[in-house]
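Asks: With our numbering, letter number 35 in the sequence shown gets 52, and the count goes up by one each step, no holes.
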Amino acid sequence: MTVIAHVSDLHLDLGERATERARKVLDYLRELPGPVDAVLVSGDIADHGTDEEYAQARELLDLPWPVLVLPGNHDRRGPFRAGLLDGKPEDEELNRVVRTPGAVFVLCDSTVPGKDEGVLSDATLRRLDDALAAEDGALPVFVCFHHPPVDLHTPHVDRVRQFGEDRLAEVLGRHPHVVALLCGHAHAAAASTFAGLPLLVAPGVASTVPLPLEGRPVVDFESAPALAFHVLGGDRRLVTHYRALG
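#1: Do you know how far the Cα of residue 82 is from the Cα of residue 191?
#2: Is the CB-CB distance between residue 226 and residue 203 below 8 Å?
#3: Which of the three DSSP states, helix, strand or coil, is assigned to residue 35?
#4: Per the contact definition of three or more C-beta pairs closer than 8 Å, is the segment 125–134 in contact with the segment 41–54?
#5: Determine whether the beta carbon atoms of residue 220 and residue 206 lie at a separation below 8 Å.
#6: Hey, residue 244 and residue 42: beta-carbon distance below 8 Å or not?
#7: Go ahead and pull the three-state DSSP assignment for residue 63.
#8: So which of 77, 69, 62 has the shortest CA-CA distance to residue 92?
#9: Going by CA-CA distance only, name the one from 168, 151, 84, 111 that's closest to residue 209.
#10: Where in the segment 79–121 do unbroken runs of the beta strand (DSSP E), each at least 3 residues long, occur, reported from the N-terminal end onward?
#11: Determine the direct distance from the alpha carbon of residue 247 to that of residue 265, and round the result to whole angstroms.
#12: Label residue 97 either buried or exposed according to how many other C-beta atoms from any shown protein chain fall within 10 Å of its C-beta, with 16 as the threshold for buried.
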């Protein structure tokens with residue numbers, strides 16, 4: 018069995034509110050008896066992309082499990098790379114492949130500097146295609162990015178989702194060993210499908226975006242922070258559990 022803890026959209030801004038909400042979720046993970054195979058943090062880790070915000074994030078994300086990070090539209094690639102990955106503060110796309118004993122994670126940068134919406138560039142799609150082609154199916158593969166590539170029926174999010182998704186679907190169609198797509202950005206626990214695969218969206222830590230039919234504010238800052246657990250059994254059946262930490 019492989020267990021992935023999935024958190025997203027911490028929006029750390031050095032303020033008390035964002036810090037305490039993030040700390041609540043990460044302390045919950047830290048105190049789990051486990052085991053957890055990996056913790057995926059799917060973007061918008063910082064709110065303004067400053068060095069100080071990433072220093073705070075690094076401290077909070079000091080967990081007893083492997084932590085996988087990718088950028089969101091509020092992140093800035095250079096400070097992100099320097100603060101969380103010990104790299105040079107360069108601005109090229111942050112695409113990585115991370116292997117754990119139980120799974121392979123292809124982390125794709127869906128951000129477009131200066132914009133809130135997302136897209137996977139031609140270079141990112143080539144790297145994704147190459148990374149998936151290098152796998153022989155012995156380990157399950159998860160493809161991860163920040164922006165969901167489908168409408169979630171929340172207008173506040175749908176207008177800044179991932180676009181150009183037909184190109185992503187074409188790549189995924191060549192690689193049947195992908196288990197699921199994992200993303201954030203929506204500030205809402207959601208599940209859908211894309212290119213015949215499960216598309217699992219992590220809830221937001223900093224806030225929640227409700228559906229219009231709920232008659233609540235466009236962004237809800239009062240609902241509890243939440244996270245997801247993706248549990249992959251030996252039969253490669255994937256089950257997702259969502260937890261709100263009230």
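Positions of the beta carbon are idealized from the N, C-alpha and C atoms, including for glycine.
On a predicted model such as this, the values are computed, not experimentally measured, just so you know.
Replies: So, from the listed chains and residues:
#1: 32 Å
#2: yes
#3: helix
#4: no
#5: yes
#6: yes
#7: strand
#8: 62
#9: 168
#10: 84–87, 113–116
#11: Within the shown structure, residues of the chain are numbered from 18 to 263, placing residue 265 beyond reach of any answer.
#12: buried
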